[in-house]
Structure formats: C-alpha cells, structure tokens
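Going down the list, the sequences are from chains H and F.
Under this note's numbering, the first residue of the first sequence carries the number 31, and numbering increases by one thereafter.
Under this note's numbering, the first residue of the second sequence carries the number 434, and numbering increases by one thereafter.
Here's the structure, in structure tokens; my notes come after.
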Amino acid sequence: GENVEQHPSTLSVQEGDSAVIKCTYSDSASNYFPWYKQELGKRPQLIIDIRSNVGEKKDQRIAVTLNKTAKHFSLHITETQPEDSAVYFCAASFPGAGSYQLTFGKGTKLSVIP
Amino acid sequence: DVKVTQSSRYLVKRTGEKVFLECVQDMDHENMFWYRQDPGLGLRLIYFSYDVKMKEKGDIPEGYSVSREKKERFSLILESASTNQTSMYLCASSPRQGGYTFGSGTRLTVV
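If you want it as structure tokens, here you go:
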C-alpha cells in the first residue's frame, strides 16, 4: 500500500516568515495530493490540492509543488500569520476499487510566533 | 452548514461494551471513511465504503466493523471495546474522485 512520510513534525516560525512542509510518497500510481489544516479541537479542512498532471498550484499565500520523479510534494506558506498555527497533514491517493483512498502523513504542528 | 455529522462529540464506554459510532453526510457522496487519530500517529484508515452495502478494510480494521445500509449513513462498530481503542474517531465523505469533508470527530474513552 501507499506510505506517506511528512517532515518536520513540528515547525516554529516568526510571523511574516515562510513555512515549508515536505512529504514523500511511495506508490508511483498515486495521482492526487491534498493538504489539510486542523486547528485545535476542530476537524481537518482541505486547504489546497494538486493532481499529478500539474507541477505547482497557488492560492493566495499557499502553494503546493509536486515532483513526480522524486515522489515528493511540499506545502509553502508565505507571510505567515498567527492564524496559520495548526496541524497540517499531507496525503496521497490512488484510485482503487472505484474510489480515492487517502493515506495521510503523521502531521506537522506549525506554530507562528507573533 | 455542517455537511458531515457525527452523532456524538464525546463518548465514555466500558471495556467489553459494543459501541456504535454514527456518521451522516448530506452531500450525496459515494465514498465514506472512518479514521482514527492518535497523537504522533496521524490519521489511520479503519474502514471505507464506496457504495451502499460495500465495505473495504483499511490499514487497521482489527476490532472494528462497519455498516452502510443507506448512502448517507456509515456506522463504525466496536464489537467489544478495549482500552487501546480510546481515540479520536473521524468520519469523512468524498465524491467518487475528490477531496474529503470531515466530520467534527468523536472522542471515545474506553474505561
């Protein structure tokens, strides 16, 4: 099955700096890579995703890059703000049995220091 | 506008009890999933379903079963609860090919 490694497990940055979270995956058939943000006590929410036919995707201060050859993808957050503090999960998915099954990384706890 | 609803936010059960966790979605999604979330271990897939009455084992199905009699409802069953099943349980749904929408979670404590 798929295996997703996520680094770092914790990350502290000063407000206004950039944050980068990296993930690697094992199954070359994986073709969908979402990122979820989970604030304390709340449900994980999709913040951005990328499919394997795209190398980069941006949404305001958030961007995701994908290197299919190396089987890794990264989340970039620029101009970080205190409300960016949360746990971020990457995931990889391959189509199987008619559905997408997501395998998640173990999460990165991001703390933005005012 | 909550779209994936889990029946209980907090639950305390005794060892050996049969426990039912319910999840309902109103987005007409084909796929539904049950994950458990533990500190340092992330989200681990227990079971999933891609159609009514269909179910597939995830990575950690031991000690659990599921039921999907209607498209909108996916139930997780702990046949005989044990203390190592104390965890946060997250339900999610998705369209055939798309991202998940998660429920708010059920924090289960088995004593």
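Built from N, CA and C at the ideal position, the CB exists for glycine as well.
*Would residue 88 of chain H count as contacting chain F if we go by Cβ distances under 7 Å?*
Answer no: the Cβ-Cβ gap between residue 88 of chain H and chain F never drops below 7 Å.
*Take residue 142 of chain H and list the residues in its own chain whose beta-carbon comes closer than 7 Å to its own, dropping the five residues that flank it on each side.*
Excluding sequence positions up to five before and after residue 142 of chain H, its CB lies within less than 7 Å of the CB of 43, 45, 110, 111, 112, 114, 115, all in the same chain and listed in chain order.
*What does residue 118 of chain H pair with, by DSSP beta-bridge criteria?*
Its beta-bridge partners are H:67, H:138.
*Proximal chain H residues relative to residue 537 of chain F, where beta-carbon distance stays under 7 Å*: Neighbours of residue 537 of chain F on chain H, chain order: 73.
*For residue 58 of chain H, does the count of other Cβ atoms within 10 angstroms reach 16, so buried, or fall short, so exposed?*
Residue 58 of chain H comes out exposed.
*Quick one: does residue 76 of chain H have its CB under 7 Å from some CB of chain F?*
For residue 76 of chain H, the nearest beta carbon of chain F is closer than 7 Å to its own beta carbon.
_Cross-chain neighbours of residue 132 of chain H in chain F, by beta carbon under 7 Å_ = Going along chain F in sequence order, the residues near residue 132 of chain H (Cβ under 7 Å) are 533.
*asked:* Measuring only from the beta carbon, is residue 529 of chain F closer than 6 Å to any heavy atom that is part of the ligand MN?
replied: The model on display carries no ligand, and the ligand MN is accordingly not part of it.
*Should the stretch 445-461 of chain F be regarded as contacting the stretch 512-520 of chain F, the criterion being three or more beta carbon pairs within less than 8 Å?*
Note that the stretch 445-461 of chain F touches the stretch 512-520 of chain F; at least 3 beta-carbon pairs, one per stretch, sit closer than 8 Å.
*Residues of chain F with CB under 7 Å from residue 119 of chain H, in chain order?*
Contact note: residue 119 of chain H reaches chain F through 475, 476, using a C-beta cutoff of 7 Å and chain order.
_Looking at chain F, is there any beta carbon in it that lies within less than 7 Å of the beta carbon of residue 57 of chain H?_
No, because no Cβ of chain F sits closer than 7 Å to the Cβ of residue 57 of chain H.
*asked:* Can you confirm whether the stretch 99-106 of chain H touches the stretch 49-65 of chain H when touching is taken to mean that 3 or more C-beta pairs between the two stretches lie within less than 8 Å?
replied: With the rule of 3 Cβ pairs closer than 8 Å, the stretch 49-65 of chain H counts as touching the stretch 99-106 of chain H.
*Can you find a CB in chain H that lies within less than 7 Å of the CB of residue 439 of chain F?*
Output row for residue 439 of chain F: interface = no.
*With 9 Å as the limit, tell me which residues of the stretch 504-519 of chain F have their beta carbon closer than that to any beta carbon of chain H; keep them in chain order.*
Under the 9 Å Cβ criterion, the stretch 504-519 of chain F contributes no residue.
*asked:* Can you look up residue 517 of chain F in the DSSP assignment and give me helix, strand or coil?
replied: The answer is helix: DSSP assigns residue 517 of chain F an H, G or I state.
*Kindly list, in the order they appear in chain F, the residues whose Cβ is closer than 7 Å to that of residue 79 of chain H.*
Within chain F, the residues whose beta carbon sits less than 7 Å from that of residue 79 of chain H are 532, listed in sequence order.
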